[in-house]
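**Student:** If you read the protein sequences in the order shown, they are chains B and Z. Read in order, the letters of the first sequence are residues 1 to 400 in the UniProt record's numbering. Read in order, the letters of the second sequence are residues 1 to 400 in the UniProt record's numbering. Note that CB positions come from ideal geometry on N, CA and C, so glycine has one too. Keep in mind the model is a prediction, meaning the values are calculated, not measured. Here it is, the structure, as structure tokens.
There are 2 protein chains.
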Amino acid sequence: MSSPGVPETSVLAIASHVAYGYVGNTMATFVMQSLGCEVTAINTVHYSNHTGYKQFKGRKATADEILDLYAGLAQSGLNDAFDVLLSGYIPSADAVAAVGKIARDLRLLGARRPGGFFWVLDPVMGDQGRLYVPKACVPAYKALLPSADLILPNQFEAELLSDTKITDLSSLARAVHVLHRVHGVPHVVITSLRLDHTSTYKTTDAEPGEEKKEEEEEEAQQQTLTIIGSTSTTSHKPRLFRIDVPAYPIFFSGTGDMFAALAVARLREAVAEAGLLRVRSWKSGDEVRSGEGLPLARACERVCASMGAVLGKTAVGVRGWEGREGERGGGGGGKGDGDNGEGEGVERARHLARTRAAEVKVVRNVEDLRVPPGVERFRARAVDVDVDFDADVGVGGGQG
Amino acid sequence: MSSPGVPETSVLAIASHVAYGYVGNTMATFVMQSLGCEVTAINTVHYSNHTGYKQFKGRKATADEILDLYAGLAQSGLNDAFDVLLSGYIPSADAVAAVGKIARDLRLLGARRPGGFFWVLDPVMGDQGRLYVPKACVPAYKALLPSADLILPNQFEAELLSDTKITDLSSLARAVHVLHRVHGVPHVVITSLRLDHTSTYKTTDAEPGEEKKEEEEEEAQQQTLTIIGSTSTTSHKPRLFRIDVPAYPIFFSGTGDMFAALAVARLREAVAEAGLLRVRSWKSGDEVRSGEGLPLARACERVCASMGAVLGKTAVGVRGWEGREGERGGGGGGKGDGDNGEGEGVERARHLARTRAAEVKVVRNVEDLRVPPGVERFRARAVDVDVDFDADVGVGGGQG
Chain B
1 MSSPGVPETS VLAIASHVAY GYVGNTMATF VMQSLGCEVT AINTVHYSNH TGYKQFKGRK
61 ATADEILDLY AGLAQSGLND AFDVLLSGYI PSADAVAAVG KIARDLRLLG ARRPGGFFWV
121 LDPVMGDQGR LYVPKACVPA YKALLPSADL ILPNQFEAEL LSDTKITDLS SLARAVHVLH
181 RVHGVPHVVI TSLRLDHTST YKTTDAEPGE EKKEEEEEEA QQQTLTIIGS TSTTSHKPRL
241 FRIDVPAYPI FFSGTGDMFA ALAVARLREA VAEAGLLRVR SWKSGDEVRS GEGLPLARAC
301 ERVCASMGAV LGKTAVGVRG WEGREGERGG GGGGKGDGDN GEGEGVERAR HLARTRAAEV
361 KVVRNVEDLR VPPGVERFRA RAVDVDVDFD ADVGVGGGQG
Chain Z
1 MSSPGVPETS VLAIASHVAY GYVGNTMATF VMQSLGCEVT AINTVHYSNH TGYKQFKGRK
61 ATADEILDLY AGLAQSGLND AFDVLLSGYI PSADAVAAVG KIARDLRLLG ARRPGGFFWV
121 LDPVMGDQGR LYVPKACVPA YKALLPSADL ILPNQFEAEL LSDTKITDLS SLARAVHVLH
181 RVHGVPHVVI TSLRLDHTST YKTTDAEPGE EKKEEEEEEA QQQTLTIIGS TSTTSHKPRL
241 FRIDVPAYPI FFSGTGDMFA ALAVARLREA VAEAGLLRVR SWKSGDEVRS GEGLPLARAC
301 ERVCASMGAV LGKTAVGVRG WEGREGERGG GGGGKGDGDN GEGEGVERAR HLARTRAAEV
361 KVVRNVEDLR VPPGVERFRA RAVDVDVDFD ADVGVGGGQG
């Protein structure tokens with residue numbers, strides 16, 4: 001039994017594998033399988049655990065190894081029915097190019113049927129100003145954008161790909177416009193945006209009587225992350241929507257992979273509901289004028305509801321750990337090996353224990369993946385910005 | 001939400017990984033996760049697809065790579081809470097020894113709590129008289145047997161490990177006795193046994209009025225595979241039970257891995273029900289005199305019920321494919337590339353398509369994994385054999 005509305009979906013997932021914990025394909029495979037998708041997984045690294053632990057062992061797959069596994073599928077015709085390619089962390093520019101080659105091959109195979117192939121590209125490059133892949137990956141990803149159907153950058157990655165600094169909703173809208181128009185990406189979702197609180201914005205569906213006191217509003221904003229999505233019109237203009245989600249003061253790993261995996265299943269579902277599965281790139285016609293009416297918005301609402309529930313439960317576990325840690329006087333996570341000082345070893349043990357406690361609890365909360373709870377609390381709202389999309393998008397948006 | 005009765009279980013799974021399809025860890029990880037287990041997976045090969053296709057690409061992990069991933073877990077203390085090690089396909093004798101090293105380390109870590117660590121060893125070496133690992137793996141596995149808690153050989157592997165030819169229930173019982181007594185394995189399940197139809201056996205709980213005509217019985221036997229299990233007494237004598245399951249005239253891959261993965265979760269469940277989780281090797285006391293009273297028997301019933309349901313549904317799909325194949329005149333599976341003769345290419349294409357159709361459909365039948373249907377049709381029955389277990393088990397059962 002798959003999740004009620006998700007149509008049969010066959011996915012090729014190319015991302016990292018960790019033995020312990022939930023990031024990359026280790027996260028995405030389980031999440032998509034839980035929603036009834038058939039997943040073929042090519043792993044780009046084989047690590048003991050994710051890098052958030054600050055120590056790990058294992059090896060990266062080379063571009064040739066990735067292509068070899070794909071060639072193995074191709075020689076037996078096992079690559080002939082993928083509805084979706086989901087690509088995540090890729091450790092080198094060569095390997096990024098290799099994944100682009102695979103995507104083009106799948107696009108050719110899918111061309112027999114309209115809407116027959118869809119590439120969800122998560123351009124994993126870095127976060128909060130810091131690159132964690134080789135520099136050469138940035139132009140390598142830019143070169144692939146015209147082949148992608150949906151990209152899922154975070155704020156930093158969206159800035160890198162669009163050559164646009166994002167400081168407020170207007171600059172964000174301009175960045176999305178560059179991705180749509182210059183790079184030809186039909187669908188964009190920018191995850192985990194922390195908008196400058198002083199920036200002004202208005203949403204088109206602000207309900208009367210919902211005004212809050214300024215103080216309350218500021219507090220609410222501080223605990224909120226914003227997801228911004230858009231599907232371009234035929235003239236490559238953005239149709240923007242936003243969803244505000246609770247932000248936890250905890251560093252979770254793998255949430256981007258979780259978002260991407262849920263998005264694959266939920267977008268298939270929403271696109272099927274809208275009758276667009278046989279339309280190229282599953283794009284809504286221009287009669288859908290506002291972002292909140294997009295299947296992408298419906299999908300993101302369900303994704304955010306599942307993530308809100310699972311991250312909320314994971315956060316409860318982390319707080320429990322912190323509580324026990326506090327009672328023990330802060331030495332928790334150590335092995336009781338005599339190192340009770342305030343030294344580096346204790347700090348390191350605490351970091352390991354905290355990181356472990358923050359592993360996202362997907363397996364025991366699979367029902368929250370299958371039936372997104374409280375989806376009404378994650379309604380997408382159209383975003384109206386004061387930007388003239390008919391003006392030139394600028395040379396800065398060209399391929400770098 | 002885990003399957004109702006399976007207690008929290010953390011598993012280290014060491015086995016193969018295929019990008020496409022369901023064997024090894026690709027099968028076992030999903031199956032155990034579906035039953036609520038937390039699974040850490042170390043992959044021993046990285047292949048495009050299983051070898052039943054007769055062609056594949058990818059690479060084997062070396063013994064050093066396997067140990068390196070484990071060392072990665074160990075350096076961050078992530079190996080400190082495994083309840084179960086499940087080991088499956090291991091591609092070399094060196095790698096078998098490496099897994100033995102890992103098992104001994106986990107045993108030491110688990111020694112702090114009684115019953116705290118349990119190794120399910122599937123000694124994947126070959127089938128039906130044919131070895132598909134290097135010869136040196138046989139003594140390598142024999143050397144590990146004293147460290148294992150439950151082994152899951154097929155008939156051929158049980159013969160190799162016990163140095164006992166199995167032709168009937170008596171020789172089978174002697175083989176199991178050797179595994180218990182000479183090799184010190186507490187629990188043994190021999191999967192997919194095709195007993196010589198002319199052999200005689202009696203079951204202790206044959207119901208009166210259940211006699212069938214000889215003809216009917218023969219037909220029933222021909223479509224039946226037998227699972228034989230045993231947990232040793234304190235004097236290392238077998239307590240045997242059997243479960244007869246439907247055999248399909250279809251070659252499925254990954255069924256051994258599926259059995260092993262389900263067995264991990266269901267044995268945890270049955271052992272918890274019997275209050276034995278804190279007993280060394282989860283062994284029932286000698287007051288349980290008959291095999292059918294063992295938690296291992298309860299576990300195998302639930303495993304067989306889930307497998308019966310999922311394989312039955314998969315078989316329906318294969319028959320559908322065969323039907324369409326017949327209508328098309330037997331050229332199915334080909335790419336319509338002009339090779340319409342009766343040549344090698346057509347035969348190969350047909351083999352690939354049939355093998356693909358026979359991939360076990362676990363993802364879309366996850367409810368059959370979580371709630372085993374019709375378990376009453378898979379009741380374990382005690383096996384009574386005319387063997388004197390007090391007699392010498394013979395030198396042939398020694399190591400090497």
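From the beta carbon of B:Q33, is the nearest beta carbon of chain Z less than 8 Å away?
**Tutor:** In the first sequence, counting from the first residue as 1, residue 33 of chain B sits at position 33. So, interface residue.
**Student:** For the alpha helix (DSSP H) containing B:V279, list its first residue and its last residue.
**Tutor:** On the first sequence, residue 279 of chain B is found 279 positions in, with the first residue counted as 1. No alpha helix (DSSP H) contains B:V279, which DSSP labels as neither H nor E.
**Student:** Going by CA-CA distance only, name the one from Z:Y132, Z:A299 and Z:V363 that's closest to Z:E269.
**Tutor:** In the second sequence, residue 269 of chain Z corresponds to position 269, counting from 1. Looking at the Cα atoms, Z:A299 is the closest of the given residues.
**Student:** Measuring only between beta-carbons, confirm whether Z:F56 sits less than 8 Å from chain B.
**Tutor:** Taking the second sequence and counting its residues from 1, one reaches residue 56 of chain Z at position 56. Answer yes: the Cβ-Cβ gap between Z:F56 and chain B drops below 8 Å somewhere.
**Student:** Could you pull out every unbroken alpha helix (DSSP H) segment of at least 4 residues lying fully inside the region 133-185 of chain Z, listed in chain order?
**Tutor:** Whole alpha helix (DSSP H) segments, 4+ residues: 137-144, 155-162 and 169-181.
**Student:** Report all residues from its chain with a CB closer than 6 Å to the CB of Z:L276; omit the five preceding and five following residues, and keep chain order.
**Tutor:** Within the second sequence, numbered from 1, the residue matching residue 276 of chain Z stands at position 276. Cβ within range, chain order: W282.
**Student:** As an exercise, report each continuous beta strand (DSSP E) stretch of at least 3 residues that is fully enclosed by the region 59-133 of chain B, in chain order.
**Tutor:** Runs of the beta strand (DSSP E) inside the region 59-133 of chain B: 84-87 and 118-121.
**Student:** Between B:G320, B:E159 and B:L106, which lies nearest to B:D127 when the distance is taken from Cα to Cα?
**Tutor:** The count along the first sequence starts at 1 and reaches residue 127 of chain B at position 127. Out of B:G320, B:E159 and B:L106, B:E159 has the C-alpha closest to the C-alpha of B:D127.
**Student:** Anything in chain Z within Cβ reach of B:S76, meaning under 7 Å, just list it in chain order.
**Tutor:** Here residue 76 of chain B refers to the residue found at position 76 of the first sequence. Result: N49, Y53, Q55 and L352.
**Student:** Alpha carbon to alpha carbon, how far is B:P114 from B:A263?
**Tutor:** On the first sequence, position 114 is the one that residue 114 of chain B refers to. On the first sequence, position 263 is the one that residue 263 of chain B refers to. Using only the alpha carbons, I get a separation of about 21 Å.
**Student:** Given that a residue counts as buried once 16 or more other Cβ atoms are within 10 Å of its Cβ, and exposed if not, what is B:S230?
**Tutor:** Here residue 230 of chain B refers to the residue found at position 230 of the first sequence. Burial call: buried.
**Student:** Okay, do the region 42-52 of chain B and the region 279-294 of chain B touch, 3+ Cβ pairs below 8 Å being the bar?
**Tutor:** No: the two stretches stay apart, fewer than three of their Cβ pairs being nearer than 8 Å.
**Student:** When the Cα atoms are used, what is the spatial distance from Z:Y201 to Z:L169?
**Tutor:** Taking the second sequence and counting its residues from 1, one reaches residue 201 of chain Z at position 201. Taking the second sequence and counting its residues from 1, one reaches residue 169 of chain Z at position 169. Unreliable placement is indicated for Z:Y201, whose pLDDT of 37 sits below 50; no coordinate value is reported for it.
**Student:** Tell me, which residues are paired with B:H46 by DSSP?
**Tutor:** For this step, residue 46 of chain B is matched to residue 46 along the first sequence. Paired residues: B:H17 and B:R59.
**Student:** Give, in chain order, every residue of the region 96-128 of chain Z whose Cβ lies closer than 9 Å to some Cβ of chain B.
**Tutor:** Correct list: empty, as no residue qualifies.
**Student:** I'd like to confirm the pairing. Which residues does DSSP put opposite Z:E38 in its beta bridges?
**Tutor:** Taking the second sequence and counting its residues from 1, one reaches residue 38 of chain Z at position 38. Answer is Z:S10.
**Student:** Within its chain, find whatever has a CB closer than 7 Å to the CB of Z:V23; leave out the 5 residues flanking it on each side and keep chain order.
**Tutor:** Within the second sequence, the letter at position 23 stands for residue 23 of chain Z. Around Z:V23: S16, H50, S253, G254 and D257.
**Student:** Apart from the five residues just before and just after B:D122, which ones in its own chain have a Cβ nearer than 7 Å to its Cβ?
**Tutor:** The residue you call residue 122 of chain B lines up with position 122 of the first sequence. For B:D122, where only same-chain residues beyond five positions count, the Cβ hits under 7 Å are S87, G88, L152, G256 and A260.
**Student:** Along the chain, where does the alpha helix (DSSP H) containing Z:G317 start, and where does it finish?
**Tutor:** To locate residue 317 of chain Z, count along the second sequence from 1; it is residue 317. That run of the alpha helix (DSSP H) goes P295 to E327.
**Student:** Compare the C-beta of Z:G336 with all C-beta atoms of chain B and state if any pair is closer than 8 Å.
**Tutor:** In the second sequence, the residue the question calls residue 336 of chain Z occupies position 336. Residue placement at Z:G336 is poorly supported in this model, since its pLDDT is 43, which falls under 50; the coordinates are not used for a value here.
**Student:** Would you mind telling me which residues of chain B sit closer than 9 Å to Z:N43, beta carbon to beta carbon, in chain order?
**Tutor:** Your numbering for residue 43 of chain Z matches position 43 in the second sequence. The contacting residues are H17, A19, N43 and H46.
**Student:** Tell me, please, whether the region 343-354 of chain B touches the region 285-292 of chain B by the rule of three or more beta-carbon pairs shorter than 8 Å.
**Tutor:** These segments do not touch.
**Student:** How do the region 234-243 of chain Z and the region 59-68 of chain Z stand: do at least 3 beta-carbon pairs fall below 8 Å, yes or no?
**Tutor:** No, they do not touch.
**Student:** Taking Cβ-Cβ distances shorter than 8 Å, what residues in chain B pair up with Z:A71?
**Tutor:** Within the second sequence, the letter at position 71 stands for residue 71 of chain Z. Simply S48 and K57.
**Student:** Note down, one range per segment and in chain order, each beta strand (DSSP E) of at least 3 residues found wholly within the region 242-278 of chain B.
**Tutor:** Runs found: none.
**Student:** Can you look up B:R289 in the DSSP assignment and give me helix, strand or coil?
**Tutor:** Indexing the first sequence from 1 puts residue 289 of chain B at position 289. Correct three-state label for B:R289: coil.
**Student:** Once the 5 residues before and after Z:V366 are set aside, which same chain residues still bring their CB inside 8 Å of it?
**Tutor:** Here the question's residue 366 of chain Z lines up with position 366 in the second sequence. Counting only Cβ-Cβ distances below 8 Å, and skipping sequence neighbours, we find S34.
**Student:** Assuming B:F56 and B:V84 are in contact, meaning their beta carbons sit under 8 Å apart, how far apart are those beta carbons, in whole angstroms?
**Tutor:** The residue labelled residue 56 of chain B in the question sits at position 56 within the first sequence. The residue labelled residue 84 of chain B in the question sits at position 84 within the first sequence. Between B:V84 and B:F56 the Cβ distance is about 29 Å, and since that is not below 8 Å, they are no contact.
**Student:** Kindly indicate which residue of B:R174, B:R112 and B:D94 has the alpha-carbon position closest to the one of B:K135.
**Tutor:** For the purposes of this step, residue 135 of chain B is taken as the residue at position 135 of the first sequence. Checked all of B:R174, B:R112 and B:D94; the closest Cα to B:K135 is B:D94.
**Student:** Going along chain B, which residues have a C-beta under 9 Å from Z:F251?
**Tutor:** Taking the second sequence and counting its residues from 1, one reaches residue 251 of chain Z at position 251. Within chain B, no residue comes near Z:F251; the closest Cβ sits about 16 Å away, beyond 9 Å.
**Student:** Determine, for B:V316, whether the minimum Cβ-Cβ distance to residues of chain Z falls below 8 Å.
**Tutor:** One-based indexing of the first sequence puts residue 316 of chain B at position 316. Taking Cβ atoms only, chain Z never reaches closer than 8 Å to B:V316, which makes this a no.
**Student:** Under 9 Å Cβ-Cβ, which residues of chain Z neighbour B:D68?
**Tutor:** Here residue 68 of chain B is taken as the residue at index 68 of the first sequence, counted from 1. Near B:D68 (Cβ distances below 9 Å), the residues of chain Z are S48, K57, G58 and R59.
**Student:** Residues of chain B with CB under 7 Å from Z:G9, in chain order?
**Tutor:** As a working mapping, residue 9 of chain Z is identified with position 9 in the second sequence. A small fix is needed here, since residue 9 of chain Z is Thr in this sequence, not Gly. Within chain B, no residue comes near Z:T9; the closest Cβ sits about 10 Å away, beyond 7 Å.
**Student:** Which residues in the same chain have their Cβ closer than 6 Å to the Cβ of Z:G21, if we skip the five residues on either side of it in sequence?
**Tutor:** In the second sequence, the residue the question calls residue 21 of chain Z occupies position 21. Here the set comprises N49, H50 and E359.
**Student:** Thinking C-beta only, is B:G291 closer than 8 Å to Z:D68?
**Tutor:** The residue you call residue 68 of chain Z lines up with position 68 of the second sequence. The residue you call residue 291 of chain B lines up with position 291 of the first sequence. Not in contact: Z:D68 and B:G291 (Cβ atoms no closer than 8 Å).
**Student:** Pick helix, strand or coil for B:D384, following the three-state DSSP scheme.
**Tutor:** Numbered from 1 along the first sequence, position 384 holds the residue referred to as residue 384 of chain B. B:D384: strand per DSSP, three-state reduction.
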